[in-house]
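*Asks:*
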Amino acid sequence: MTSARVLVAALSIATSVAGASSGASGFGEELRGKGRIPDRPEQLRFRDVPFEPPAAEALRFELSTGVPVFVAEDPAVPLFSVSLALPVGDRDDPPDRVGLASLTAAMLRRGGAGELGADRFDEAADFLGIEIDSLAGGTRSGVWLEGSPHVLEPALDLLADLVLEPRFEPARVELALQNLRGSLEARNDDPLSVLEREWRALLWGRRDPRARAVEPRHLAAIDSAAMSDFHRTHWTARGAVFAVSGDVDSRAVVAALERRFGGWSAGRRASLEGERPIAARRAAETIRTGATPRGVAGRAAEDAAGGVWWIGHRGPQGKLMLGHEGYRRASWDDPDAWALTVLAEVFGGPGAVSRVRRRLRAEESLVYRVRASFGIGHEAPGAFEVFLEVEPRGAVAAASAAISEVERIRDETVPEVELELAKRSLIDAFPLLFESPESVSGRFAEDALLGRPHRYWSIYRSRVDAVTAADVRRVARRFLAPERLRLLWVGPPLDEKDWLSLGLGPVREVVLGGVLDEEPPGGVVESEPGQPGREQPQDQPVSGEHGSPAGGRGGHPADPPARGGSPRGRDQPPQPSAASGYTSVSG
Amino acid sequence: MSTSLLLAILVIALAATPSAGSPLPAADDSAAETGSGVEELVLANGMRVLILERPGLPLVAAGWATHSGSAVETPGKTGVAHLIEHLLFGGTEVIGTTDYRRERELIDRREELEDARRSASPPADVERQIERVEERLRELRRKGEYALLYTEAGALGINGVTNQDLSYYTVSIPPARLELWFWLESDRLLRPVFREIYDELPVVEEERGQRILSVPGGPARTRFDARFWGEENVYSWPAIGRPEDLQSLRRADVESFFRRHYRADRLTAVLIGDFDAEQVREWVQLYFGRLSAGAPGPQPDPEPPSREAAAAAEIEGFEPFELREVCECRPQVELRFRSIPFGHPDSPVLDVVAGLLNGRTGRLHRGLVLTRDLAFSASARHQPQRRAGSFSLVAEARGGGREPAGLDALQRALEEELERLRREPPDDRELEKVKNQITTDAARQLKKPAGLAQRLLIYDALGGWRYLEDWPRETQRVTAADVQRVLDTWLIPERRAVLRLERTAGEPAPRTGGER
Chain C
14 MTSARVLVAA LSIATSVAGA SSGASGFGEE LRGKGRIPDR PEQLRFRDVP
64 FEPPAAEALR FELSTGVPVF VAEDPAVPLF SVSLALPVGD RDDPPDRVGL
114 ASLTAAMLRR GGAGELGADR FDEAADFLGI EIDSLAGGTR SGVWLEGSPH
164 VLEPALDLLA DLVLEPRFEP ARVELALQNL RGSLEARNDD PLSVLEREWR
214 ALLWGRRDPR ARAVEPRHLA AIDSAAMSDF HRTHWTARGA VFAVSGDVDS
264 RAVVAALERR FGGWSAGRRA SLEGERPIAA RRAAETIRTG ATPRGVAGRA
314 AEDAAGGVWW IGHRGPQGKL MLGHEGYRRA SWDDPDAWAL TVLAEVFGGP
364 GAVSRVRRRL RAEESLVYRV RASFGIGHEA PGAFEVFLEV EPRGAVAAAS
414 AAISEVERIR DETVPEVELE LAKRSLIDAF PLLFESPESV SGRFAEDALL
464 GRPHRYWSIY RSRVDAVTAA DVRRVARRFL APERLRLLWV GPPLDEKDWL
514 SLGLGPVREV VLGGVLDEEP PGGVVESEPG QPGREQPQDQ PVSGEHGSPA
564 GGRGGHPADP PARGGSPRGR DQPPQPSAAS GYTSVSG
Chain L
1088 MSTSLLLAIL VIALAATPSA GSPLPAADDS AAETGSGVEE LVLANGMRVL
1138 ILERPGLPLV AAGWATHSGS AVETPGKTGV AHLIEHLLFG GTEVIGTTDY
1188 RRERELIDRR EELEDARRSA SPPADVERQI ERVEERLREL RRKGEYALLY
1238 TEAGALGING VTNQDLSYYT VSIPPARLEL WFWLESDRLL RPVFREIYDE
1288 LPVVEEERGQ RILSVPGGPA RTRFDARFWG EENVYSWPAI GRPEDLQSLR
1338 RADVESFFRR HYRADRLTAV LIGDFDAEQV REWVQLYFGR LSAGAPGPQP
1388 DPEPPSREAA AAAEIEGFEP FELREVCECR PQVELRFRSI PFGHPDSPVL
1438 DVVAGLLNGR TGRLHRGLVL TRDLAFSASA RHQPQRRAGS FSLVAEARGG
1488 GREPAGLDAL QRALEEELER LRREPPDDRE LEKVKNQITT DAARQLKKPA
1538 GLAQRLLIYD ALGGWRYLED WPRETQRVTA ADVQRVLDTW LIPERRAVLR
1588 LERTAGEPAP RTGGER
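First to last, the sequence lines map onto chains C and L. Under my numbering, the first residue of the first sequence carries the number 14, and numbering increases by one thereafter. Under my numbering, the first residue of the second sequence carries the number 1088, and numbering increases by one thereafter.
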């Protein structure tokens, strides 16, 4: 019997109310015969299967320009995928043209390329039956291609044209800008997108590259020529990396990429510092000085103070976010980062423990959805966040429960059983980081993109395992700060007294601007720029679940949505969708 | 070998693809078989289990479904299918309790008190008594134990989904712990305890808020659905149930639904991953073999005499209508037609029709977005369900600071594109494009084990899992003449429902008024 099974029993008892002592019955050691069903699942005997991540070096190739190509072959399904990622993103937007990086990336796919005008490019891609798309996120851009193996060559031709010779056809650019303007009109319809947008502003300041929102005035300054310029300057081979997977032959596919990208130059995207907005430059300074994110440089004390902000929104439910800034790792083997990883798992991880989930969903039935994370960035701090979907009458109580969990993990040493279970969850989930060929090549390509040594994966489990309760207590006290918690509520107005009872600080209403306001909406939450803003907190694979090479924070600004259809709007066999299926995620 | 078998179905599909690219790999021996590599086991009790080996995967995608969803609910008791799906995570006589025997007595007592509470003259202290019993029940519960056992074993994605035709329960678990899945799932099918009925109702209400009321246009679409199917139709209520019905649900409703619809001959299970198939077959017998086939008697949900006849009857009796609503969303128009249930022979043709209309180079995007510049987006959707189906076209008005296109113009444009499809049938290249896309989609379906597991469960609940294999093959055979024929049969302009959504002028809509 592994100790973990005992731990489960102990934890169940510890977390249920008194009188649970008989729960450990049945944890016997007796062997069961073949064909017998044991009385309790704890009596099942499992063999342990060791897992080692694949060796990155064996999958690594290089184009003559030095651009790495990671290839994970898998003939199981007749499909191939190719992703290209670049270290270019929203952070590279000029302050007066927010959205330029995203629009440029989106229009690579949408504006024609090489000898093909936009219509003919679309026609060629659709005729091959491939998926090919391009997009930008906060710090990365990329292109993603998937298709049947027999169309690999013509598909790569399209990919190369798109990356190297995009046309940014003005009519298509204009259409995309119109669509984007339309999206801006509707941007306050969905309370969740209001919450996400305003939360970033509240957390980082509205002018921070992570929080800047596209405004109509920015769009007015963006056109086809601006995209061509941006592409010329930023879409160079410098920092680029390919991830390939599926039903391919490694050498053949690398040769095919070499034929098309062998002449792609590193360009002159050298002067990033000069072109980046001020906030990003400050971020770069912060990185060099290695300052910790606490008491962030350049930010007045009151800007980091806690408080409650709310935005009125109709609807029976509200969305709530609670948190403050997270942590920036000092290195890829940073003891605080490992301890915070375990802390986050205990506090609100997806695994077995998740104190907030247990408390809010299981014990109090107050909320439908709860999610918590502690962001660990590598160039700038991520964010500590607790997200709740809750009925208005339960909102304050739910927030209060979450706050008390923050206090508890600071004030009380995590019991050994809980700590072990959290660590086990992390270690057990480790193989999933390499669960498919796509995630294998994407994971290693991401290493190249971030400058993360592949060795990170060979130390991951032992480092997690070595974290002690004292470590968790130490980082909890250092990096969780109840007095700096900010709360944002999007939902019906609630009694100010109730919000005040949380003790977070003053309560302020944020009034969203008009539909086409030229000024940033919600002036109340304005704060100084200067929050470092270079890296998304999440460790996103370069390619993977969403097929998004960039791990961006949303869909295409330039794209029509696919409501009621598949992502490409084409028909798929029937399946339950959000509209017709109702889910319950156990908690 | 399962991997090459997976290739086999695609080889057939690819045979229709054009000259582009290198020649196809020669079909190997396995191509002679037309399977997907899925092995089907049928137990003596009627339960079907689908097995697909995929070596090298770190997790086994596992799940099971009952072929009954909200559509088999009794009017007045809607929402019970979805409620059960929630309750099945609450444990069994073994899991989730510290002392089932004591708990059982209290559960019965709680139910008596609920009777009293709902009676014409409830005793004065009934609420207090309920409170006391519930407190004692809470002390006996081991809340969340089911999920805890899984997460402790390194399993992920524990989930349940209910729609109108089925409920399914899925999880991904490390191969070494697979027997835990057999234990826990057969246990909750064998001896579930619905111990949290009255606690779970508010959670369901929350979910309704999130899924319907908080979504722009959600309540309007729910009303449109209701009217589209008609009051008599089992698809007229949302899978989550009607709010007034939810509040009246009782333990007896839950238990009786479970007995009728979770018997072995209504169930399909699926396992995809890296395991020893021989061992899995043994566990299937050992664990699921103990489920009962259910009481003799009529099937709770008999098949209609013929899918063709049923579909024809549906469309004959359909009364066209138009519904005008407002929402905080883009102005939009939907045209919706009654069409065919899952498994109908015209299904691949309607898939191709949707393919012709959809996508970046599809007729709707070209016609409404690019050429006429009326719409922000336009798409079509073919949605066959177990008993009936629908085909819809949706267009959202353009915005961008300009005067939005009027809904009249938008509706006319959708109708014209449909008419144009009749007048100007697809040529070979246009058809081939759609078929090539379907080929890639078919491969994509096989790629992710969890997704494939879900698909197999859904197909089997709707009418048969072999649709996975048949779909790519049958769509390749569709001709332009087939397209003309189904347009004239199912997408008849006069027989459509219209939903028109105008944007509200920023006025707060009534909170829940009119919601049903």
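Note that beta-carbon positions come from the ideal geometry of N, C-alpha and C, so glycine has one too.
Buried or exposed for Leu1588(L), please, with buried defined as at least 16 other CB atoms from any protein chain shown within 10 angstroms of its CB.
*Replies:* Translated into the one-based positions of the second sequence, residue 1588(L) becomes position 501. Buried, because 16 or more other Cβ atoms sit within 10 Å of the Cβ of Leu1588(L).
*Asks:* Using CA coordinates, which residue listed in His326(C), Leu507(C), Gly516(C) and Arg220(C) is at the minimum distance from Arg499(C)?
*Replies:* Residue 499(C) sits at position 486 when you count from the first residue of the first sequence. Comparing Cα-Cα distances from Arg499(C) to each of His326(C), Leu507(C), Gly516(C) and Arg220(C), the minimum goes to Gly516(C).
*Asks:* Using a Cβ-Cβ cut-off of less than 7 angstroms, list which residues of the region 1287-1313 of chain L approach chain C; keep chain order.
*Replies:* So the list reads Pro1289, Val1290, Glu1293, Glu1294, Gly1296, Gln1297, Arg1298, Leu1300, Ser1301 and Pro1303, given in the order they occur along the chain.
*Asks:* I need the boundaries of the beta strand (DSSP E) containing Asn1246(L), first residue and last residue.
*Replies:* The sequence position of residue 1246(L) within the second sequence is 159, counting from 1. It spans Leu1243 to Thr1249 - the beta strand (DSSP E) in which Asn1246(L) sits, taken as one unbroken run.
*Asks:* Going by the CB atoms, is the gap between Ala256(C) and Ser96(C) shorter than 7 angstroms?
*Replies:* Position 83 of the first sequence, counted from the first residue, corresponds to residue 96(C). Position 243 of the first sequence, counted from the first residue, corresponds to residue 256(C). Yes. Within cutoff.
*Asks:* Measure from the alpha carbon of Val1258(L) to the alpha carbon of each residue in Asp1363(L), Leu1271(L) and Gln1251(L), then state which is nearest.
*Replies:* Sequence index remark: in the second sequence, residue 1258(L) carries index 171 (1-based). Closest option to Val1258(L), Cα to Cα, is Leu1271(L).
*Asks:* What number of angstroms, rounded off, separates the C-alpha of Arg1417(L) from the C-alpha of Val1159(L)?
*Replies:* Sequence index remark: in the second sequence, residue 1417(L) carries index 330 (1-based). Sequence index remark: in the second sequence, residue 1159(L) carries index 72 (1-based). Roughly 34 angstroms between the two C-alpha positions.
*Asks:* Given that Lys1534(L) touches chain C, what residues does it touch there, using C-beta distances under 7 angstroms?
*Replies:* Here residue 1534(L) refers to the residue found at position 447 when the second sequence is read from its first residue. The answer, in chain order, is Val90 and Leu92.
*Asks:* Cβ of Ser161(C) less than 7 angstroms from any chain L Cβ?
*Replies:* The sequence position of residue 161(C) within the first sequence is 148, counting from 1. Cβ-Cβ to chain L under 7 angstroms: yes for Ser161(C).
*Asks:* Give me the Cα-Cα distance between Val11(C) and Ser344(C), rounded to the nearest whole angstrom.
*Replies:* Examination of residue 11(C) is not possible in this model, given that chain C is present from 14 through 600 alone.
*Asks:* At which residues does the alpha helix (DSSP H) containing Asp1528(L) begin and terminate?
*Replies:* To locate residue 1528(L), count along the second sequence from 1; it is residue 441. Asp1528(L) -> alpha helix (DSSP H) spans Asp1515 to Lys1534.
*Asks:* Enumerate in chain order the residues of its own chain whose CB-to-CB distance from Phe2(C) is below 6 angstroms, with the five nearest sequence positions on each side excluded.
*Replies:* Residue 2(C) lies beyond the range of chain C shown here (14 to 600); nothing can be said about it.
*Asks:* Interface residues of chain L around Val62(C) at Cβ under 8 angstroms?
*Replies:* On the first sequence, position 49 is the one that residue 62(C) refers to. The contacting residues are Pro1261, Pro1262 and Ala1263.
*Asks:* Which of helix, strand or coil does DSSP assign to Lys332(C)?
*Replies:* Here residue 332(C) refers to the residue found at position 319 when the first sequence is read from its first residue. Here Lys332(C) sits in strand by DSSP.
*Asks:* Assign Arg1590(L) to one of three DSSP states: helix, strand, or coil.
*Replies:* The count along the second sequence starts at 1 and reaches residue 1590(L) at position 503. Arg1590(L) falls in the strand class under three-state DSSP.
*Asks:* Among Ser115(C), Val267(C), Asn201(C) and Ala483(C), which has the Cα closest to the Cα of Gly150(C)?
*Replies:* Within the first sequence, the letter at position 137 stands for residue 150(C). Answer by Cα proximity: Ser115(C).
*Asks:* In angstroms with no decimal places, state the Cα-to-Cα distance between Ala1584(L) and Cys1414(L).
*Replies:* Sequence index remark: in the second sequence, residue 1584(L) carries index 497 (1-based). Sequence index remark: in the second sequence, residue 1414(L) carries index 327 (1-based). Distance between the alpha carbons of Ala1584(L) and Cys1414(L) is about 18 angstroms.
*Asks:* Nearest-angstrom Cα distance between Thr1309(L) and Pro1580(L)?
*Replies:* Against the second sequence, residue 1309(L) aligns to sequence position 222. Against the second sequence, residue 1580(L) aligns to sequence position 493. Going by the C-alpha atoms only, they are around 23 angstroms apart.
*Asks:* Scan the region 1447-1468 of chain L for residues whose Cβ lies nearer than 9 angstroms to a Cβ of chain D and list them as they occur along the chain.
*Replies:* The structure shown contains no chain D; the protein chains it does contain are C and L.
*Asks:* To the nearest angstrom, how far is it from the Cα of Phe1463(L) to the Cα of Pro183(C)?
*Replies:* Taking the second sequence and counting its residues from 1, the one referred to as residue 1463(L) is at position 376. Taking the first sequence and counting its residues from 1, the one referred to as residue 183(C) is at position 170. Cα to Cα, Phe1463(L) sits roughly 18 angstroms from Pro183(C).
*Asks:* Bridge partners of Cys1416(L), per DSSP?
*Replies:* Position 329 of the second sequence holds residue 1416(L). Looking at the DSSP assignment, Cys1416(L) forms no beta bridge with any residue, so it has no partner.
*Asks:* For chain C, is any of its Cβ atoms less than 7 angstroms away from the one on Gly1241(L)?
*Replies:* Sequence index remark: in the second sequence, residue 1241(L) carries index 154 (1-based). Interface residue, yes.
*Asks:* Does the region 1441-1457 of chain L come into contact with the region 1498-1515 of chain L, if we say contact requires no fewer than three beta-carbon pairs (one atom in each stretch) closer than 8 angstroms?
*Replies:* Contact holds: three or more Cβ-Cβ distances are below 8 angstroms.
*Asks:* Starting from the beta carbon of Val1181(L), find every residue of chain C whose beta carbon is closer than 9 angstroms, and list them in chain order.
*Replies:* Numbered from its first residue, the second sequence carries residue 1181(L) at position 94. What Val1181(L) touches in chain C: Gly39, Asp52, Arg53 and Pro54.
*Asks:* For the region 1205-1220 of chain L and the region 1314-1325 of chain L, state whether three or more C-beta atom pairs, one from each stretch, are separated by less than 8 angstroms.
*Replies:* With a cut-off of 8 angstroms, the region 1314-1325 of chain L and the region 1205-1220 of chain L do not count as touching, because too few Cβ pairs lie within range.
*Asks:* From Arg219(C), Glu459(C) and Phe181(C), pick the residue whose C-alpha is nearest to that of Ala131(C); which is it?
*Replies:* Here the question's residue 131(C) lines up with position 118 in the first sequence. Closest option to Ala131(C), Cα to Cα, is Phe181(C).
*Asks:* With DSSP run on the structure shown, which of helix, strand or coil describes His326(C)?
*Replies:* In the first sequence, the residue the question calls residue 326(C) occupies position 313. DSSP places His326(C) in coil when its eight states are reduced to three.
*Asks:* Could you run through the region 394-416 of chain C and flag, in chain order, every residue whose CB is less than 7 angstroms away from some CB of chain L?
*Replies:* From the region 394-416 of chain C, only Glu402 and Glu404 have a Cβ closer than 7 angstroms to chain L.
*Asks:* Under the rule that 16 or more other beta-carbon atoms within 10 Å means buried, what is Asp1515(L), buried or exposed?
*Replies:* Here residue 1515(L) is taken as the residue at index 428 of the second sequence, counted from 1. Result: exposed.
*Asks:* How would you call Ala563(C), buried or exposed, if buried means at least 16 neighbouring beta carbons within 10 angstroms?
*Replies:* As a working note, residue 563(C) is residue 550 in the first sequence. A caution first: Ala563(C) carries a pLDDT of 28, below 50, which makes its placement in the model unreliable, though a value can still be read off. By the neighbour-count rule (16 or more Cβ atoms within 10 Å), Ala563(C) is buried.
*Asks:* For Gly130(C), which residues does DSSP report across the bridge?
*Replies:* Taking the first residue of the first sequence as position 1, residue 130(C) is located at position 117. DSSP lists no partner for Gly130(C).
*Asks:* Excluding the five sequence neighbours on either side, which residues of its own chain have a C-beta within less than 6 angstroms of the C-beta of Trp258(C), listed in chain order?
*Replies:* Translated into the one-based positions of the first sequence, residue 258(C) becomes position 245. Note on residue identity: the sequence assigns Ser, not Trp, to residue 258(C). Same-chain partners within the cutoff: Ala85, Ser94, Pro450, Glu451 and Ser454.
*Asks:* What do you reckon, are the CB atoms on Leu1227(L) and Thr1179(L) nearer than 7 angstroms?
*Replies:* Taking the first residue of the second sequence as position 1, residue 1227(L) is located at position 140. Taking the first residue of the second sequence as position 1, residue 1179(L) is located at position 92. Cβ atoms of Leu1227(L) and Thr1179(L): not closer than 7 angstroms.
*Asks:* Does Asn1523(L) get closer than 7 angstroms to chain C when you measure Cβ to Cβ?
*Replies:* As a working note, residue 1523(L) is residue 436 in the second sequence. Chain C, which has a Cβ nearer than 7 angstroms to the Cβ of Asn1523(L), makes this yes.
*Asks:* Do Phe1424(L) and Leu1574(L) come within 7 angstroms of each other at the CB atom, strictly closer than that value?
*Replies:* Locating residue 1574(L) in the second sequence gives position 487, counting from the first residue. Locating residue 1424(L) in the second sequence gives position 337, counting from the first residue. No, the pair does not count as a contact, with Cβ atoms beyond the cut-off.
*Asks:* Is Leu158(C) helix, strand or coil when you go by DSSP?
*Replies:* Here the question's residue 158(C) lines up with position 145 in the first sequence. Strand.
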